[in-house]
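Just so we're aligned, residue 36 is where the sequence shown starts under the numbering used here, counting upward by one. Quick reminder that beta carbons are idealized off the backbone N, C-alpha and C, glycines included.
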Amino acid sequence: MRIEDVSAQVFRTTTRRHADSAGHAHPGPAHQVQMAMLTITADTGDKGYAFCPPELVRPYLLEKFVRKVLIGEDPRDRERLWQDLAHWQRGSAAQLTDRTLAIVDCALWDLAGRSLNQPVHKLIGAYRDKVPAYGSIMCGDEIEGGLATPDDYGRFCEKLVARGYKGIKLHTWMPPVSWAPDVKMDLKACAAAREAVGPDIHLMIDAFHWYSRTEALELGRGLEKLGFAWIEEPLDEQSMSTYAWLTKNLDIPVLGPESAAGKHFTRAEWIKAEACDILRTGVHDVGGITPALKSMRLAESFGMNCEVHGNGVENLIVTAVSKNCRWYERGLLHPFLEYDDGFDYLSQLGDPMDADGFVHLSDRPGLGLDINFDFIAENLVA
Ligand code: LLH
Ligand code: MG
């Protein structure tokens, strides 16, 4: 089996999610954005697909790096292809990022599953077929009745529990919200959430990512009193020593790193430095399913859980093939958005959740996406 083509199709899709000036998503009117579908085709006719923003598979990257590594090679040699692409990164003047590696790796896994008529979680070796989800709430905003006050968080948490979620994570207020960040307001929102859901629902926080040591400590100590399950990224992750200091000074589990560069190698350093209690990885943060699995097994070897960042079938698969991971991160959620509406380029939701808060893995071959190829063909960007 040999790879004979790698191509990207850019198409228009409608969304109600808008990124603010700092990149945080919030709800707004429906508008069109562009999305790319990467397709890897083998000489057998088998294909693998993965979706991403068009910039990650722009022609320069496909021509200069991805096709050079992939064309003519066996698509089943995922480890070697991943290593070869990763080696190109040093000489790429920072153009070839982990995000692009991740998309290529996902498409190769999809191709493997489709060609064998097997879902990828069964191909890797499943630990379970359904995973409990926590509802991951969008960053706070200044939208009336949205996520503008602690009470808004409390009310929304009640709705999420009624929907079936047994865990909820709050992203609190961050700039460009006019008065943010503010540790005391974060704690008020967390207290409102706890008051609304009672003692048995797991609550977590992902706060402003650039608090000082003293602010993060104040936040963490407040969360300990509220029985929160973890504190996530309250500091700049570039300073691993600061996380080691925070982990030593808090009883609440500290979770990380999410955004720090360095793939699974960085995760190993954080374990060694005791800079977290629960490790963090994510398919798009570390360069694919392949390195995300290395992070999971690394954490397991040190008796640690590793929680997976972000939604999407590729992250869901990593949670389903791992014992040392409690949750799937479902969202981001907001009172003015209906997550279960899904996406117009998929015929059904990739992460359907039942009334008990479990997300079920698909039996479809590959990553499990039910792609609406007609929609994509009708909305292609020239
Ligand atoms: O800052 C944000 O907008 C969120 O933290 C976002 O990146 C989210 O994906 C996240 O961190 N989830 O865990
Ligand atoms: Mg996070």
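Between Asp-217 and Arg-149, the C-beta gap is not smaller than 7 Å, which leaves the two residues out of contact. Straight through space, the alpha carbons of Asp-389 and Arg-113 are spaced by roughly 33 Å. Judged by DSSP in its simplified three-state form, Pro-216 adopts coil rather than helix or strand. Taking all protein chains shown into account, Leu-116 has 16 or more neighbouring C-beta atoms within 10 Å of its C-beta and is therefore buried. A direct Cα-Cα distance of roughly 27 Å separates Val-155 from Ala-295.
Take the alpha-carbon of Glu-230 and the one of Leu-195: they are about 14 Å apart. Between Pro-400 and Cys-311, the alpha-carbon positions lie close to 36 Å from each other. For Val-289 and Pro-234, the gap between their C-alpha atoms comes out near 20 Å.
Within the region 281-327, the beta strand (DSSP E) runs of at least 3 residues that lie entirely inside it are, in chain order, 289-291, 313-316.
Here Val-104 is buried. Its C-beta has 16 or more other C-beta atoms within 10 Å. DSSP places Lys-358 outside both helix and strand once states are collapsed to three, so it counts as coil. If one requires a minimum length of 3 residues, the beta strand (DSSP E) runs lying completely within the region 79-134 are 82-87, in chain order.
Around the beta carbon of Arg-37, a 10 Å sphere encloses fewer than 16 other beta carbons of the protein chains shown; the residue is thus reported as exposed. Sequence-distant partners of Ala-85 (beyond 5 residues in either direction) whose C-beta falls short of 7 Å from its own C-beta, in its chain, are Leu-73, Ile-138, Cys-141, Ala-142, Asp-145. The closest CA to that of Arg-315, considering only Val-348, Leu-285, Ile-266, is found on Ile-266. The Cβ neighbour count for Lys-358, taken over all protein chains shown within 10 Å, is under 16; the residue is labelled exposed.
Under the 10 Å beta carbon count, Tyr-95 is surrounded by fewer than 16 other beta carbons and is classified as exposed.
For Leu-254 against His-369, the beta-carbon gap comes to about 22 Å, at or over 8 Å, which does not count as contact. Taking a contact as a CB-CB distance under 8 Å, the pair Ala-251 and Leu-238 does not count as one, their CB atoms being some 17 Å apart. Straight across, the Cα-Cα distance linking Leu-258 with Leu-222 is about 7 Å.
When distances are taken from the beta-carbon of Glu-259 to the heavy atoms of the ligand MG, even the shortest one reaches 6 Å or more. According to the DSSP assignment, Lys-165 belongs to the beta strand (DSSP E) that extends over 165-172. Assignment of Leu-367 by DSSP, reduced to helix, strand and coil, places it in the strand class. Between the ligand MG and Glu-90, a heavy atom-to-CB distance of less than 6 Å is absent. Taking a 10 Å sphere around the C-beta of Val-416, we find fewer than 16 other C-beta atoms and assign the residue as exposed. Under the DSSP definition of a beta bridge, Gln-44 partners with Met-72. Spanning the alpha carbons of Met-209 and Phe-300 requires a straight line of approximately 29 Å. Residue burial annotation: Arg-332 is exposed, with fewer than 16 other C-beta atoms found within 10 angstroms of its C-beta. His-237: member of the beta strand (DSSP E) spanning 237-241, first to last residue. DSSP places His-206 in the strand class (E or B) of the three-state scheme.
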